[in-house]
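Protein sequences, first through last, are from chains A and B. Per the working numbering, the first sequence starts with residue 1, numbered consecutively. Per the working numbering, the second sequence starts with residue 544, numbered consecutively. No residue lacks a Cβ here, since even glycine has one placed at the ideal position from N, Cα and C. Notes to accompany the following structure.
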Amino acid sequence: MDIPFLTSLVIFLPAVGALLTLALRDVSSIRWAALGTTTLTFLLSIGLFLGYDPSVSTAQAPQLVDMSSAWFPDAFDIKYFVGIDGLSLLLVMLTTLLGPIVVLSSWTYIEEKQKGYYALLLLLQTGVTGVFTSFDLFLFYIFFELTLIPMYFIIGVWGGKDRIYAAVKFVIYTLVGSLLMLVAILFLGYEAGAAVNNGVFTTDWYTLLEYNVPLATQGWLFALFAFSFAIKVPLFPLHTWLPDAHVQAPTGGSVILAGVLLKMGTYGLLRFCLPFFPNAAQNAALVIGILAVIGIVYGALIARVQEDAKSLVAYSSVSHLGFVVLGLFAFTTEAMQGAVIQMINHGLSTGALFLLVGMLYERRHTRLMDDYGGLASSVPVLTTLMVISVLASAGLPGLNGFVGEFMILLGSFKSTVLDSVLLVAFATSGVILAAMYLLYMVYRTFFGELTVEANAQMADVNGREFLLMAPLIVLMFVMGFYPAPFLRQTEPTTEFLLNRIEEKRAAALEAAETPRASGRVPVAPPEGAGEIRLDAEALSAQP
Amino acid sequence: MELADAYAAMAGDLPAVVSMMVVAFMGLVMLGVEAFRNDHPSIPWMGAAGLAVAAGWELSQLGAPQGTAFFDTVRTGGYAAFVNLIVLLSALATILLSTPYLNDLKRAYGEVYALIMYATVGMLLLGTANDMISIFVGLETMSVCLYILTGLVREDEGAVESALKYFLLGAFSTGFFLYGIALMYGATGTMVLPEMAEATLGTTSAQLMFWGGLGLFLVGFFFKVSAVPFHMWTPDVYQGSPTPLTGFMSTASKAAAFAALILVLYHAVPSGPASLVLAVVAVVTMVGGNVMALAQSNVKRLLAYSSIAHAGYVLVGLSAGTAAGYSGALFYLLVYAVMNIGAFGVMALLEWDGKQGREQTLDSLAGIGSRRPVLGVAMAVFMFSLIGFPPFGGFIGKWAVFAPAIDAGMTWLAIVGVLMSAVSAYYYLRVVYVFWMQSAADVEAASTFSDSALPRATSGAVGTLVVCALALLVLGVFAGGVLETTAAFFDVSAMAAAP
């Protein structure tokens, strides 16, 4: 099957759907339109999965490329450049899969202003898919920011009591980081343009990859990029916006937020920070690793003392994403692949947890665990789903969470960059802590005495709810028992990235050590020449 | 030159000022109609038609080669056409937005529209000036009309205060401005901008006179574009003026003044020392405007401080001092005009206190988004664009001024700029959440809007706002063409072709 512009179609079909929902009048047709669009997008994205050939190296170009360079004036090498490689493929699939699930989960949950809700949800999906498929840094930035506006409204309009505080906090946190990253992008674009692109400003990912950033500038460029993505992940101590946003957001918003929005941070670290600034990244690896492990342990301990089931799941995200960051900064194949897989796993299992907590909330309008208890006898199916999701999230072997966490921990032990067994030992304790707080939650809500009358009357999952949970549960088992097809998709790209990182690291070191007298230093002379030329231009501009 | 030859040359130059002639002539016709048919409803439409014709003409001139006309006093060609287009479209939007507003205010005098036309003529001259006298004449024509428009509701104390304040401080700044011109003339012996740059400043005193004169000249300009610390008048004047006219003041007059400043910096001033001064003023303007806006409860005041902050962003582009910086600043002026006219336009259509919004708090509009969805969506677009969110024009605008600054080695300036943008997000988002996420029950306002008190929105006014919002989206996504156009104005080879 060969569909032209498939990648672009997967990105922009939801946006078209958003326009469609705006044109519709009654609630039922709006919901069906949203469901139809997201389902169609998911089906198209299966085409991406089938069309992607893992045996082809990413070294030259991504696959399924759509590109247009007629977007900006010639003075700027900024392109519309989207495609798929091993890093983006699974995340795009996760995004398109969560699309219809989120629409179904909001079916009765959203009771007012449905038109705006579904339109924004679809627009959000366009933004997220665009982030994962952009191979132009400028385009990436546009999609990255584009996700903020819909999420601001989804939290702020359909959220809980403190929704406005949470929404504004969410936007401002992210915005501070991303605007600083914009400065770094512009700086990098000019520097790389002067060095490897004939003096033309560039944001093409492959061109930027060719440019070895001098050691002196790597430090602060890495800091600005990493700061922005660390807020998004969120890395301890920048995580404080996350519990607020999660607790206040409606279920659909939480699922998207945990499932894919947070992955934009880890994806950004992997796609841009590590390969562009390898020396700075490896120098900072231990510090970031320590922060990640603090996040793992701290998130778990805070989750343990929550009274609100939703904020428990929110803090568990802080903990789980700590693993992903640790895996990225270990710089080994196992850990990096584990990190990519763990992003998907976290999307599935945490998404499922938020959906289930949302179902409880829809029935009883409370999320306090004390208000429940003994639900296992009244809602057996819901309980089963919850137990499976919790076990997957806690990393039980045989379910998906185990694969990712195991690979990350294994890779981190072997890591020569981190080189700290103590650190990984602490990280491992996070797995135990996760089992503790998650099982404690299940115990308090689903087992024990059935004391409250309303809980005994609670309806079990209906067909729609079962339908939306089913793909997640199935995938948890599939990825747990047979992760090979997924690992196979990501392996070549992660290996390519690690090789590039190593090459670039060595090249930057060499460039720094070789004195300027040596003529074959690739960076310094063109840079100086570029500056002189610009000055001359400015002078001759004066009549 | 013989007088007869001079007339012939001037007649040949007339195409350079077609839009000025059309607008001025239409203003006269409007006054004529007004004399016989008092406040006739067709008067604003005549103005709109005149402005549309003039804008159409300028649109056709965008690609024209640069040159000068009328003995080097005005510039012709693409740059002039672009600036004029911003001014004319702002004026057109202002007239369309003013009609329902002034009708509700019972101030739909024909003279008001004629004054808008004459202010526009002044701006057209200002943005195309090639010598100091043209700049001065344009600036004063514009300012005098704006003083009168500010005090339109003369029974209203607040409006009178605004007008008087504007007039007195404006007159004061004109003094600086003129003195600066005089000193620069004294040092160089010419009024024509490119000739000023060529003049040799042989003696120390000549250099002192030139740079001192430029300093005073800049003070006058900083006043007009309300850069900190010359911004004191802005919040009071913006708050007290009729709202659509505030929009006009904050966009068209700023665009024209900045256009003239770019011409002076680009043509008349050797690059170098001015850059650092501009950078410092840009920093204090961005910081001052954004930080003071945080504490505002009145929307018009909030937008006034925001417009101060945006002058700072434009100054970032100017302080880069490169062709890219100037063309980025031009692009920013276009985007800024669209979004700010829109923001003031929305506020004009949501004004219920009968005092030109002077005492109307932001909180009193809680939940208005769902009552007036079109205006609410448009306002959200304007606010997000003002913050600088993609995919709206404001983002490309910020990118177009920050990128040249980084290229020119002023990364610190860009960092201040983006941090201040993040600060600004706080108050712009406040407008959005008050509109969309709160209801009257959530806020502690003394009184809130009632549907009956809201002015009725005419289709012309709402249509203008919708066009503004869509234009921001187009400018944000398909900015390439416009950026290419503005960059071409500063192409060195094209400049060299100019006499």
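Local conformation of residue i per DSSP, three classes
{"i": "B/Met775", "result": "coil"}
{"i": "B/Ser840", "result": "coil"}
{"i": "A/Leu301", "result": "helix"}
{"i": "B/Phe935", "result": "coil"}
{"i": "A/Met67", "result": "strand"}
{"i": "B/Phe945", "result": "helix"}
{"i": "A/Val521", "result": "The pLDDT assigned to A/Val521 is 42, lower than 50, so where the model puts this residue is not dependable; a value taken from the coordinates is nonetheless given after this. Three-state result, A/Val521: coil."}
{"i": "A/Ile3", "result": "coil"}
{"i": "A/Val379", "result": "coil"}
{"i": "A/Gly47", "result": "helix"}
{"i": "A/Asp308", "result": "strand"}
{"i": "B/Val975", "result": "helix"}
{"i": "A/Ile30", "result": "helix"}
{"i": "A/Ser134", "result": "strand"}
{"i": "A/Val421", "result": "helix"}
{"i": "B/Val617", "result": "strand"}
Residue-chain proximity (residue i, chain B), Cβ-Cβ < 8 Å
{"i": "A/Glu145", "result": "yes"}
{"i": "A/Trp205", "result": "no"}
{"i": "A/Tyr190", "result": "yes"}
{"i": "A/Phe446", "result": "no"}
{"i": "A/Arg25", "result": "no"}
{"i": "A/Gly546", "result": "Beyond the ends of chain A as shown, which are 1 and 543, falls residue 546 of chain A; an answer cannot be given."}
{"i": "A/Phe222", "result": "no"}
{"i": "A/Ile149", "result": "yes"}
{"i": "A/Ala142", "result": "The sequence shown places Ile at residue 142 of chain A, not Ala. Chain B, which has a Cβ nearer than 8 Å to the Cβ of A/Ile142, makes this yes."}
Residue i to residue j span [Cα, whole Å]
{"i": "B/Asp1034", "j": "B/Trp776", "result": "37 Å"}
{"i": "A/Lys161", "j": "B/Met980", "result": "11 Å"}
{"i": "B/Phe927", "j": "B/Tyr971", "result": "7 Å"}
{"i": "A/Val297", "j": "B/Met890", "result": "50 Å"}
{"i": "B/Met521", "j": "A/Tyr118", "result": "Because chain B is modelled from 544 through 1042, residue 521 of chain B falls outside the range shown and cannot be assessed."}
{"i": "A/Ala352", "j": "A/Gly86", "result": "24 Å"}
{"i": "B/Ser748", "j": "B/Ala802", "result": "30 Å"}
{"i": "B/Gly763", "j": "B/Val830", "result": "21 Å"}
{"i": "B/Ala598", "j": "B/Val881", "result": "15 Å"}
{"i": "A/Tyr80", "j": "A/Asp136", "result": "7 Å"}
{"i": "B/Gly504", "j": "B/Leu808", "result": "This structure cannot speak to residue 504 of chain B, because chain B is shown only from 544 to 1042."}
{"i": "B/Thr1028", "j": "B/Gly620", "result": "12 Å"}
{"i": "A/Asn400", "j": "A/Gln342", "result": "8 Å"}
{"i": "B/Val655", "j": "B/Gln899", "result": "16 Å"}
{"i": "B/Phe874", "j": "B/Ile629", "result": "10 Å"}
{"i": "A/Phe277", "j": "A/Ala192", "result": "13 Å"}
{"i": "B/Ala838", "j": "B/Leu905", "result": "12 Å"}
8 Å Cβ cutoff, residue i in contact with chain A
{"i": "B/Thr954", "result": "yes"}
{"i": "B/Ser964", "result": "yes"}
{"i": "B/Asp950", "result": "yes"}
{"i": "B/Met882", "result": "no"}
{"i": "B/Gly729", "result": "no"}
{"i": "B/Glu987", "result": "no"}
{"i": "B/Glu1027", "result": "yes"}
{"i": "B/Ala1040", "result": "Because the pLDDT of B/Ala1040 is 43, which lies under 50, any placement of that residue in the model is unreliable, and the question is left without a value."}
{"i": "B/Leu972", "result": "yes"}
{"i": "B/Trp600", "result": "no"}
{"i": "B/Met980", "result": "yes"}
{"i": "B/Ala1030", "result": "yes"}
CB-CB length for residue i against residue j, believed under 8 Å
{"i": "B/Val626", "j": "B/Asp674", "result": "Not really, about 16 Å apart at Cβ, beyond 8 Å."}
{"i": "A/Met386", "j": "A/Leu356", "result": "5 Å"}
{"i": "B/Pro772", "j": "B/Arg844", "result": "At roughly 18 Å, the Cβ-Cβ gap does not stay under 8 Å, so B/Pro772 and B/Arg844 are not in contact."}
{"i": "B/Val944", "j": "B/Val859", "result": "5 Å"}
{"i": "B/Phe1043", "j": "B/Ala886", "result": "With chain B running from 544 to 1042 in the structure shown, residue 1043 of chain B is simply not present."}
Interface partners of residue i on chain E, CB under 8 Å
{"i": "B/Ile958", "result": "The structure shown has no chain E; the protein chains it does contain are A and B."}
Give the residues from the stretch 918-937 of chain B that approach chain A closer than 9 Å (Cβ to any Cβ), ordered along the chain.
Sequence-ordered contacts of the stretch 918-937 of chain B with chain A read Ala923, Phe927, Ile930, Gly931, Phe932, Pro933 and Pro934 [C-beta pairs closer than 9 Å].
Using a Cβ-Cβ cut-off of less than 9 Å, give me the residues of the stretch 64-82 of chain A that come near chain B, in sequence order.
Within the stretch 64-82 of chain A, the qualifying residues are Ala70, Trp71, Phe72, Pro73, Asp74, Ala75, Phe76 and Ile78.
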